[in-house]
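Residue numbers (UniProt numbering), protein chains in the order written: chain A, 1 to 346; chain B, 1 to 346. By construction, the Cβ of each residue, glycine as well, lies at the ideal position given by its N, Cα and C atoms.
2 protein chains.
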Amino acid sequence: MSTHKRITVQLVADHAGVSIASVSRVLNGLAASDEVVAKVNQAVAELGYVPSATARSLKAGKTDQIAFAVADVGNPVYVAMMHEVSQVIAHSGYRLVLSSTGNEAEAQLDVLDSLNRGFADGLLLSPLRVTPELVERLQTSRLPIVIIGSLPEGVELDNVRADSPVGVGLAVDHLVEQGRKRIAFVNGPVDTVPGAARLSGYVNAMTKHGLPLQAEMQVNAADFTYKDGLVAVNALLDQATPDAIICANDLLAVAALKAMTLRGLSVPNDVALVGMDDTDVAELAIPSITSVNLGSRTRAEAAAEMLLRRIDEPNAPAESVVIAPTLTIRESSVMQRETASVGDNK
Amino acid sequence: MSTHKRITVQLVADHAGVSIASVSRVLNGLAASDEVVAKVNQAVAELGYVPSATARSLKAGKTDQIAFAVADVGNPVYVAMMHEVSQVIAHSGYRLVLSSTGNEAEAQLDVLDSLNRGFADGLLLSPLRVTPELVERLQTSRLPIVIIGSLPEGVELDNVRADSPVGVGLAVDHLVEQGRKRIAFVNGPVDTVPGAARLSGYVNAMTKHGLPLQAEMQVNAADFTYKDGLVAVNALLDQATPDAIICANDLLAVAALKAMTLRGLSVPNDVALVGMDDTDVAELAIPSITSVNLGSRTRAEAAAEMLLRRIDEPNAPAESVVIAPTLTIRESSVMQRETASVGDNK
DNA sequence: CTGTTAGCGCTTTCAA
DNA sequence: TTGAAAGCGCTAACAG
Numbered sequence: 001m002s003t004h005k006r007i008t009v010q011l012v013a014d015h016a017g018v019s020i021a022s023v024s025r026v027l028n029g030l031a032a033s034d035e036v037v038a039k040v041n042q043a044v045a046e047l048g049y050v051p052s053a054t055a056r057s058l059k060a061g062k063t064d065q066i067a068f069a070v071a072d073v074g075n076p077v078y079v080a081m082m083h084e085v086s087q088v089i090a091h092s093g094y095r096l097v098l099s100s101t102g103n104e105a106e107a108q109l110d111v112l113d114s115l116n117r118g119f120a121d122g123l124l125l126s127p128l129r130v131t132p133e134l135v136e137r138l139q140t141s142r143l144p145i146v147i148i149g150s151l152p153e154g155v156e157l158d159n160v161r162a163d164s165p166v167g168v169g170l171a172v173d174h175l176v177e178q179g180r181k182r183i184a185f186v187n188g189p190v191d192t193v194p195g196a197a198r199l200s201g202y203v204n205a206m207t208k209h210g211l212p213l214q215a216e217m218q219v220n221a222a223d224f225t226y227k228d229g230l231v232a233v234n235a236l237l238d239q240a241t242p243d244a245i246i247c248a249n250d251l252l253a254v255a256a257l258k259a260m261t262l263r264g265l266s267v268p269n270d271v272a273l274v275g276m277d278d279t280d281v282a283e284l285a286i287p288s289i290t291s292v293n294l295g296s297r298t299r300a301e302a303a304a305e306m307l308l309r310r311i312d313e314p315n316a317p318a319e320s321v322v323i324a325p326t327l328t329i330r331e332s333s334v335m336q337r338e339t340a341s342v343g344d345n346k
Numbered sequence: 001m002s003t004h005k006r007i008t009v010q011l012v013a014d015h016a017g018v019s020i021a022s023v024s025r026v027l028n029g030l031a032a033s034d035e036v037v038a039k040v041n042q043a044v045a046e047l048g049y050v051p052s053a054t055a056r057s058l059k060a061g062k063t064d065q066i067a068f069a070v071a072d073v074g075n076p077v078y079v080a081m082m083h084e085v086s087q088v089i090a091h092s093g094y095r096l097v098l099s100s101t102g103n104e105a106e107a108q109l110d111v112l113d114s115l116n117r118g119f120a121d122g123l124l125l126s127p128l129r130v131t132p133e134l135v136e137r138l139q140t141s142r143l144p145i146v147i148i149g150s151l152p153e154g155v156e157l158d159n160v161r162a163d164s165p166v167g168v169g170l171a172v173d174h175l176v177e178q179g180r181k182r183i184a185f186v187n188g189p190v191d192t193v194p195g196a197a198r199l200s201g202y203v204n205a206m207t208k209h210g211l212p213l214q215a216e217m218q219v220n221a222a223d224f225t226y227k228d229g230l231v232a233v234n235a236l237l238d239q240a241t242p243d244a245i246i247c248a249n250d251l252l253a254v255a256a257l258k259a260m261t262l263r264g265l266s267v268p269n270d271v272a273l274v275g276m277d278d279t280d281v282a283e284l285a286i287p288s289i290t291s292v293n294l295g296s297r298t299r300a301e302a303a304a305e306m307l308l309r310r311i312d313e314p315n316a317p318a319e320s321v322v323i324a325p326t327l328t329i330r331e332s333s334v335m336q337r338e339t340a341s342v343g344d345n346k
C-alpha cells in the first residue's frame, strides 16, 4: 500500500545469494561474472532496490550537489542566471540546489553554515550585502565557493562580476546623446553592493558630462522590487521633472513605466527610460525598455564553470573575472520619428 | 589558506579530552556537566568543527530536505508558489531544494529517481504532463509526495489542484457581460494537464453561452512562454478578428498585449484581454491585465502543509483538495469610460 | 554524568 | 572473480 521497509544492499545480496560486495560491484559496473550480474539485477528489480544517496555520500565524502544561493528568486535576473547555471551544472553530473536567502545578511550566514555541514560540494553565492562577517566566513569556509558580484578590495575569493559603474555610464552617455539633460536616477538600497556601485557610476557619469547632481533627482527604493519601485518613482516625480530616468534594475524600470503612464507621462517622448540587467521584462514591456546588459547570463555561466574547476583543484589561486557591460537600446529611450502606430513588418 | 582535513567528533573529543559521546551530547544539548560543556565548546571553536550533515542523515534516516520540482523556474506562477512553499518549509525546520525538470516527461522521472535515492524526505511536484509511467512511479515511490495539479480519475495520490475549467468559465462570463462575442482562446500545449483542462473550460463556457466554437479562434502556443505566445497570437490575429482573447496564462497574455499593440490594436477598446494565474506580470503590464486567479499561492501553501503532514503520518489515506478560482478584474477587459488619459488620484 | 560500542548503508581494500 | 571486513562521521543504547 504505502511506505515499506528500506531495502539495502544486504537484502539484495541475500535475495541474490551473493555477497554485498558483489552487489556493489554490479551496481557500479565493475568486474563480475555474467551469472552474478544477472542474479543481482534480478534481485534489484524484484525488490525495487534503490541505493541510498546518503550512505554513498558519507562513504565518498561528496554529495554531488551544488548550491546556488540568491537573494530573491522573484528577480528575473536571478531566474536568468539560474537557467545558465543549471545548464552547466547538469552537464557535469551535479544536481543543483537552489537556496533563497532573502535580503537579510543573517540569512546568508545561515545558508553558508548549512552548506558547510556538507549538503553540497560547492556554492555559488550572489550576495546583496557583503558584511565583514560574511567575508570572514567565506574565507574560512571549507567549501569551494564562487561569488557572483563584486567584493571589497583585497579579498581573495573566486568571483565573477559585472562592471556596473561602467554600465550606468553607458546609459548616461546614451541619454545625453539623445539630448536629455535632466537625468534622474532610481536606485535600490545603497547599502547593497549593486546599489553602491550603480550610484557611483551615476555620479561619475553625470560629472563627466558636466551635468549637475541634484538631490531631488535621486531616489532609493527600499528594495530592488516592483512594489518598492512604484513608491520611489512616485516620490521622484512628486519632487522633480526629469526628462530621463535611469533605474538600477529592470523591475524598478517597469515600475517607473507604470507610474509615469498613470500620470499621463509618455515614454519616451516626455521621459526617456533606461533599466539595468537586460532581462525578459525589459523586452516585454510596452514600450520595450532600453536596458544595460550586465552580462548576467555570461556571468552565471562563467561562475558555474569556475566553481567546477575549483572543486577539482581546491588549492589553485583565487580567480577574478570581470564581464564588460553593453547597452541594449529599445523603444523607451529613443524618440519616435512619427506619431505612427501600426507596425507593418511583413 | 585553504581546504584542511575534515574535522570529526573524534578529533574534537581528543582535543577536549572527553569521549565522542560527550561531544555528541554537548552538540545536541543533552545532559552534561558544565565542565565538559565548556571543554567541548572550546575544542569546537578552536578546531572550527562543523558536524557532517551526511553522517547525521545516514544515522537519522532523514535529510531534512524537501524538494520542489517545477517545470520552468522562469514562469512567474512557479516563482509565486516557491515563495509560499519556502515560507511553510522554513518554519518547519526543513530546507527547500528546488529542481527544475524542464517540460520533458523524462526529466521528471529522473528527478523522481534522484529523490528516491534519498536526497529529500518529501517531494512537491507540479507536473506539466502526467504520463501513465509517471503515475506508476509516483505510486510505487517510497517517498512522501504531494502533487500540485490535477491527476487522472482514480489515482490515489495526495494532491491539491485548481479548478481551471471553472476559472476559464469565469473569464468567459465576464467577457460576455462586457458585451464581447468573438472570444478567442490562446492555449498552451493541449497535451499538458493545464492545457487540456483550460481548453475544456473554454469549450464548455462558450457552449453554455451559445457562442460558436470556431477553429480559427483557437491557437496553441508551443509552450506556456512569452516567446511562443507571440508566435501563437500573431497566427491568431492573422486568421481571425476577435473582440476578446483569453490566454491560458499570464505570460501568453503579455505576449498577446505586445502583439496587439504592435498591430495598432487597442486593449481593451478593440480587444479585451484576460490572462490566467493572476501573477505579478498581470498587475504590472500596461494596461494591467485581468486574470483568473487559480489560487496558486493558496495551493502551494496547502500542498506544503499537506506534505509535512504526510511525512509525519505516512500511512494516512490520500487527500485531495480543490481550490476555487476567482477573477481579478483589471484594465485590460473593461472598456474605459472616457478617452481620458491623465490619472489624477491625489 | 560519562564512556564504550554498535550500527545507519555503502564502497573498497585485502585475501582467498 | 568473489567474499569478509573495515570504516565514512554520527547518534543512541547500554553499562559503569
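Any idea if residue i is buried or exposed, counting beta-carbon neighbours within 10 angstroms, 16 or more meaning buried?
i	result
B/E301	buried
A/V172	buried
A/M81	buried
B/A340	Only weak support exists for where B/A340 lies, its pLDDT of 41 falling under 50; the coordinates are left without a value.
B/S33	exposed
A/L30	exposed
A/R330	buried
A/N269	exposed
A/S99	buried
A/T3	Because the pLDDT of A/T3 is 43, which lies under 50, any placement of that residue in the model is unreliable, and the number read from its coordinates should be weighed accordingly. The residue in question, A/T3, is exposed, as its Cβ has fewer than 16 Cβ neighbours within 10 Å.
B/M306	buried
B/F185	buried
A/S164	buried
List the residues of chain B that residue i touches, going by C-beta distances under 9 Å, in chain order.
i	result
A/V274	Per Cβ cutoff of 9 Å: no residues; A/V274 is ~17 Å from chain B at best.
A/H83	V73, G74 and S100
A/L257	L284 and I286
Chain A partners of residue i, CB-CB under 7 Å?
i	result
B/T63	T54
B/R117	V50, P51, S52 and A53
B/Y226	D280 and L284
B/R95	S114
B/S86	S100
Please identify the residue among the options whose C-alpha is closest to the C-alpha of residue i.
i	options	result
A/V40	A/Y49, A/G74, A/A31 and A/V23	A/V23
B/M217	B/H209, B/D223, B/D110 and B/V203	B/V203
A/D64	A/A90, A/Y78 and A/A272	A/A90
residue 349 of chain B	B/R310, B/V322 and B/L327	Absent from the model: residue 349 of chain B. The displayed extent of chain B is 1 to 346, so no value can be given.
A/A162	A/V70, A/V193, A/L307 and A/V155	A/V193
A/S320	A/P132, A/R299 and A/E313	A/R299
B/A221	B/V73, B/P144 and B/C247	B/C247
A/V231	A/A244, A/P212 and A/A253	A/A253
B/V219	B/N187, B/A55 and B/P127	B/N187
Name the DSSP beta bridge partners of residue i, please?
i	result
B/I145	B/L123
A/M276	A/V292
B/F68	B/L98 and B/L124
A/I7	DSSP, once it has assigned bridges, lists no residue as partnering A/I7.
Could you please give the first and the last residue of the uninterrupted beta strand (DSSP E) stretch that includes residue i?
i	result
B/A184	I183 to N187
B/S320	S320 to I323
A/N75	Note, A/N75: premise wrong, no beta strand (DSSP E); not H, not E.
B/V160	N159 to A162
A/N234	It is not in any beta strand (DSSP E) - A/N234 instead sits in the alpha helix (DSSP H) that spans Y226 to Q239.
A/N220	Q218 to N220
Mind pulling the chain A residues with CB within less than 8 Å of residue i?
i	result
B/S22	Under the 8 Å cutoff, chain A gives no residues; its nearest Cβ is about 20 Å from B/S22.
B/V254	L284
residue 348 of chain B	With chain B covering 1 to 346 only, the question about residue 348 of chain B has no answer from this structure.
Report the neighbours of residue i on chain B: residues whose CB is nearer than 8 Å to its CB, in chain order.
i	result
A/T140	G48
What span of residues does the alpha helix (DSSP H) with residue i cover, start to end?
i	result
B/I329	Per DSSP, B/I329 belongs to no alpha helix (DSSP H) and is neither H nor E.
B/L251	D250 to L262
B/A38	D34 to L47
B/N28	B/N28 -> no alpha helix (DSSP H), and no H or E assigned at all.
A/N315	Unbroken run through A/N315: none, as it is neither H nor E.
A/R56	A53 to A60
Starting from residue i, find everything on chain B with Cβ-Cβ shorter than 7 Å and list it in chain order.
i	result
A/V79	V73 and G74
Since residue i meets chain A, which of its residues come closer than 9 Å, beta carbon to beta carbon?
i	result
B/L58	S52, T54, A55, S57 and L58
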